[in-house]
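K.L.:
Below is one structure. I have some questions about it.
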Amino acid sequence: MAHTRSALQPLLLSALMALSACGTQSANGAALESRARSLGIDPAMVYVTDVPGYRVALQSVGVIGDHGFGVAYSGPGGGTIELRVDERAFSGPVGCAEDTGAAGTGRATCEQEGNHWYRATSTSHSYVLEDAGRVIRLSADPGTVGRDVLRQAAEHVHRASNAESARVLPSEDGGGDGQERPERGDLPANGDGAPQDPAGLFAGTSG
1 MAHTRSALQP LLLSALMALS ACGTQSANGA ALESRARSLG IDPAMVYVTD VPGYRVALQS
61 VGVIGDHGFG VAYSGPGGGT IELRVDERAF SGPVGCAEDT GAAGTGRATC EQEGNHWYRA
121 TSTSHSYVLE DAGRVIRLSA DPGTVGRDVL RQAAEHVHRA SNAESARVLP SEDGGGDGQE
181 RPERGDLPAN GDGAPQDPAG LFAGTSG
């Protein structure tokens, strides 16, 4: 009987550790959802990407429209990639139609590239894709961010994990990483700080 008891102890310990880990993850997830909602962001809208040399500009993190998500990534040479996520504002497949009527954008080209759509003007270019009913756009100035880099950002975009959300979302008291609490996600990482919508590309329902 003693042998059986000693054999069960490691199994019980493992089970308790697993339950503890699950409880911690649930608590962390709830806290992260609270942080997102405190900014007006639907937690399901929080996406991130990964491009070598580019880092999140924390002052840019914030809400897009009613409850969408926006963030800018700063890279070498002053390049900035803007990531925006919002609900769809149109029917039919994601493509070029919803963007071609954007005012003030000048002549634009648009083409399909795998599961993405690439649109470009003389001053801005972007990749657009859809995921679970959400429209995701990655935009940049073609003079500072090349198409290959922007494509890599589009290929690597995904729903943020808890760990990624913790790194991106400011704390509820606005004190995270020494940054002031941002109000919107359409603020550029540098420059005069004025909100921007490159080439009028964002057509979400929240705007």
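Residues 1 to 207 (this note's numbering) make up the sequence shown, in order.
Every residue gets a Cβ at the ideal spot worked out from N, C-alpha and C, and that includes glycine.
(1) With a Cβ-Cβ cutoff of 7 Å, do Leu169 and Ala57 count as a contact?
(2) Would you check if the segment 111-120 and the segment 33-47 touch, i.e. whether three or more CB-CB distances between them fall below 8 Å?
(3) Under the DSSP definition of a beta bridge, which residues are partnered with Glu87?
(4) If you compare alpha carbons, which of Leu39, Thr123, His67, Val51 is closest to Gln59?
(5) What are the partner residues of Cys110, as DSSP defines its beta bridges?
(6) Assuming Ala57 is part of the beta strand (DSSP E), what are its boundary residues?
(7) Excluding the 5 residues preceding and the 5 following Glu183 in the sequence, name in chain order all residues of the same chain whose CB lies nearer than 7 Å to its CB.
(8) Would Val85 and Tyr47 qualify as a contact pair, given that the criterion is a beta-carbon distance under 7 Å?
(9) With which residues is Leu32 paired in a DSSP beta bridge?
(10) Specify, as a first and last residue, the run of the beta strand (DSSP E) that Val71 falls within.
(11) Could you check the C-alpha separation between Ala27 and Arg167 for me, to the nearest Å?
(12) Please classify Glu82: is it buried, with 16 or more other beta-carbons within 10 angstroms of its beta-carbon, or exposed?
(13) Tell me the rounded alpha-carbon separation between Thr121 and Gly75.
(14) I need the DSSP call for Val257, collapsed to helix, strand or coil.
(15) Within its chain, find whatever has a CB closer than 7 Å to the CB of Ser171; leave out the 5 residues flanking it on each side and keep chain order.
(16) Kindly indicate which residue of Glu164, Val157, Val149 has the alpha-carbon position closest to the one of Thr80.
(17) Evaluate Gly210 with the Cβ neighbour count: other Cβ atoms within 10 Å of its Cβ, from every protein chain shown; 16 or more gives buried, anything less gives exposed.
(18) Grab the span of the alpha helix (DSSP H) containing Val157 for me, first residue to last.
P.N.:
In this structure, then:
(1) no
(2) Flag = no, the segment 33-47 and the segment 111-120 do not touch.
(3) Arg134
(4) Leu39
(5) Arg119
(6) 55-64
(7) Low local confidence applies: a pLDDT of 44 at Glu183 is under 50, so the model's placement there is unreliable, with the coordinate-based value given in what follows. Gly62, listed in sequence order.
(8) yes
(9) DSSP lists no beta-bridge partner residue for Leu32.
(10) 68-74
(11) With a pLDDT of 44 at Ala27, under the threshold of 50, the predicted position of this residue should be treated as unreliable, though the coordinate-derived value follows. Ala27 and Arg167: Cα-Cα distance of roughly 16 Å.
(12) It is buried - the Cβ of Glu82 has at least 16 other Cβ atoms within 10 Å.
(13) So the alpha carbons of these two residues sit roughly 21 Å apart.
(14) Nothing can be reported for residue 257, as the shown portion of the chain is limited to 1 through 207.
(15) Arg35
(16) Val149
(17) With the chain covering only 1 through 207, there is no way to say anything about residue 210.
(18) Taken as a continuous stretch (DSSP letters only), Val157 belongs to no alpha helix (DSSP H), as it is neither H nor E.
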